[in-house]
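*Asks:*
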Amino acid sequence: MTKAMTALVIVALGTLLGCAATPSADKIVYVSLTTAPSGALVTFEGGETCTTPCVIGVIESVPLTIGRIGYEAVPMELTPDSPRQLSVDLKRVVEDDSFTIESLPDL
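Using mature numbering (1 follows the signal peptide of the UniProt record, and there is no 0), the letters of the sequence shown map in sequence onto residues -20 to -1, 1 to 87.
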């Protein structure tokens, strides 16, 4: 199981069972991740995703990338020392709203 998958499973277990029911609940750090604008896709190293705003359970270093169409991707890493509330301002790379996924050429 990848680190990101472990983090997501821990979030799910913590929500369903209550934090005290998980064996290492005292070691889990929950990071509330928001972006401006919201609705960005957060992709973890193992391919798992969430859409901002989302809460991520962290027990060890978790590499991820935040992206949204028309904005620069932001690679980062969450650790147990990360702030509990993390807000990322995305940098716009397209000047107007005419850019859509359908306008990309076939690869």
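Where is the CB? At the ideal position from N, CA and C, for every residue including glycine. Please read all numbers here as calculations on a predicted model, not as lab measurements.
Return yes when the Cβ of Y10 is within less than 8 Å of the Cβ of V42, no when it is not.
*Replies:* In this structure, Y10 does not lie closer than 8 Å to V42 by Cβ.
*Asks:* In angstroms, rounded to a whole number, what distance separates the CA positions of L21 and I46?
*Replies:* L21 and I46: Cα-Cα distance of roughly 6 Å.
*Asks:* Measuring CA to CA, which of Q65, V74, R64 and L44 is closest to M56?
*Replies:* Nearest of Q65, V74, R64 and L44 to M56, Cα basis: L44.
*Asks:* At which residues does the beta strand (DSSP E) containing S12 begin and terminate?
*Replies:* Run containing S12: V9 to A16, per the beta strand (DSSP E) assignment.
*Asks:* Of all the options S12, Y51, E52 and R72, which has the alpha carbon lying nearest to the alpha carbon of G37?
*Replies:* Among S12, Y51, E52 and R72, the Cα nearest to that of G37 is on S12.
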